[in-house]
Each structure stands twice: as C-alpha cells, then as structure tokens.
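Residue numbers (numbering that gives the first Met the number 0): 0 to 296.
Report on the structure given below.
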Amino acid sequence: MTVLEELPAAANGRDRRRTELARFLKACRARVTPEEVGLPPGLRRRTPGLRREEVAQLAGVGVTWYTWLEQGRPINASEQVLLAVARALRLDGTEREHLFRLAGVAPSGLAQPGPPELSPSIQVILDSLAPLPAAVSNTRFDVLSYNQPYRSLFGTERTGSSKGFNSLVCMLLAPPCCNPCENRDEALPRMVAVLRSAYGKHVGEPAWEAHVQRLSARSELFRELWERQEVAPTETWPRIFRHPSVGVLRLNATYLTMPGVPECYIVVYVPATPEDQERVELLNSLPPGGWTHTCLR
C-alpha cells in the first residue's frame, strides 16, 4: 500500500471520530438537567437536558466554538478546554477518557481520574479466593485491596497503612532480612520491566513521571534496572516467598484483568506443589508475617 492510499484511510478515521464525538457530546448534554448544574429550568425547552449555550457558559468557552465542537468540525481542542467541557457535562473518569480519545487529545495526568473506587464485590471476590493470597494492584504496583492470606504473607501492617501501599517500593527498600521475596534478584528486574512497559503508555504524564522520579531517588538499584530499558508483559510467573512461621512457599503469580477498572488487575498466588498448598492453607489463620521493616509508599 502506498502513502497516498493510506491518507484517505487516516482521514476517514478522523472523520469517524469527529462524528462519534458529536454524537457523544449531544447525548451527554441531553442527560444533564439545568437543576443539576445550578441553572434555572427556563421555559419552552424543546429538547431534554442543557442547551449548547449553557454548556459553553459552564465551561467558559465561546458558544460558536462549542457548537462547532459538537458538530464535529475540524477544530483544535486543548486539554484544559476539554476538561472544562467534561466538568460542565458532569462526565466520570471513563466518559472523560472517551471524550479525549474521540477528540484526538492525549490526556496528561491532569485529565486522569483519581485512584479507582473498587466495588465492595471486589473484596468479596478476594476473600472468597482464600486460602490463596490475592490482591488488587494497578500497573504502578500500587496495592489497592487484598485478602487475609495476602496480608499474612506480606506483613502488610509494616507498610504504614492498612490499605494502599506499593509492592515494588517494599521490594526495593526492605533489607534482605525482612524481605518476603526469596528470589528477589529474579523478581525485581522483571517487576521493573513490567513497570517500564506500562510507563510507555503514560510518558509525560505528571503522575507517572513523579512516580519514576521517586523510585529513582530512593533506590540506586531501581535506577540501574530502569536504565536497562527492558520491557516485559504482565503474565503468570513463579515467585518464591519466605514466611517466618510457614517457611518457603513456591507460588505462581497469576494476573486476572478487571475490565471495569482500567489498568488494574487481580493477582492470585497459586501454589506450585502440594506441599506449597499445605503451607498456603496455614496463612489464612495467621497474623501478618511478623516483618519489622516499614515500607512507606
């Protein structure tokens, strides 16, 4: 295929996105009532929801500009203006991401939603996986929730928070005497390679850049591994752990995607042998692992 043949296809793709953008904005506008955004209901409304001039007023943009945006015309839209439109239309994180994608704008950390709110059913799922250690983590290795066996295996009370810590930070900073990972030399390069692979989707975003800078500032080993430029997928791989009461456990870290929670997954540690299964079953009745080192996020 020649370059000239590729151009119409690219143009068609842009036109299709603009059409979808127009439909999406119109549908979102129809769902918001004047009362929800503090405007008087007014008289003789022929269509449900807000008028275009009301959205423009709430977003602080010109009526003509917003009209052109909703009509799918080829205009430039900055991140800040799209954020203002998203706020005016009361879009949630998923809708905001969809808006940016249709507008052809790559969002920075300013446009990213905060930490995801996990449904209570997620904790029910984690608890039902016991005695297998299981947790919810994101692509930065922030651990968002976990079950009792996971708590016992990793000694999460040493993190300084009952919920919310970073497993990569703990792995990097915990001294050998207090590190639950027995094959740390094998695990750390892989974890950093997985992090770099995820980072490729977020280069330039403030939250990600700050995360990498914090890790680099706190760990010389991380800096060395990061400079290798190695990337790896998130997939099942063997881990070896050492617990003060249970002993050595050989577990396969298995990752389950969560379609409703972007860039998060459930990691389940599955015993590699029957002997490991017996040791894992002891974790559910034990307190946290007894580690003394504190890993702060």
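By construction, the Cβ of each residue, glycine as well, lies at the ideal position given by its N, Cα and C atoms.
The structure displayed is predicted, hence computed values, not measured ones.
Exercise. Ordered along the chain, which non-local residues of its own chain (more than five positions away) have a Cβ less than 6 Å from that of E19?
Worked result: L101
For this session: Using only alpha-carbon positions, find the residue among D14, G92 and P175 that is nearest to G302.
Result: Residue 302 is absent from the model: the chain starts at 0 and stops at 296.
Problem set entry | Residue span of the alpha helix (DSSP H) that contains A209, given as start and end | P205 to R217
Exercise. By how many angstroms is the C-alpha of L98 removed from the C-alpha of L128?
Worked result: 37 Å
Problem set entry | Coarse secondary structure for D91, derived from DSSP in three states | coil
Exercise. Do A271 and N251 come within 7 Å of each other at the CB atom, strictly closer than that value?
Worked result: yes
Exercise. Whole-angstrom Cβ separation of T253 and T235, contact assumed at under 8 Å?
Worked result: 5 Å
Exercise. F23 by DSSP, collapsed to three states: which one?
Worked result: helix
Exercise. Per DSSP, C169 is paired with what?
Worked result: C169 is not bridged to any residue.
Exercise. Quick one: is L20 near chain B, going by C-beta distance under 7 Å?
Worked result: The structure shown contains no chain B; it is built from a single protein chain.
Exercise. How about A26 and E69: are their beta carbons less than 7 Å apart?
Worked result: no
Problem set entry | Local Cβ density within 10 Å of N75, reported as buried at 16 or more and exposed below that | exposed
Exercise. Are R278 and L248 close, meaning C-beta to C-beta below 7 Å?
Worked result: yes
For this session: Pick helix, strand or coil for L224, following the three-state DSSP scheme.
Result: helix
For this session: Taking P148 and L282 to be in contact with their CB atoms under 8 Å, please state how far apart those CB atoms are, rounded to whole angstroms.
Result: 4 Å
For this session: Enumerate in chain order the residues of its own chain whose CB-to-CB distance from S215 is below 7 Å, with the five nearest sequence positions on each side excluded.
Result: F221, R222 and W225
Exercise. Which residues in the same chain as V31 place their Cβ atom closer than 7 Å to its Cβ, once the five residues preceding and following it in sequence are excluded?
Worked result: G48, L49, L88 and R89
For this session: Using three-state DSSP, classify S136 as helix, strand or coil.
Result: strand
Exercise. CA-CA distance, E185 and R86?
Worked result: 45 Å
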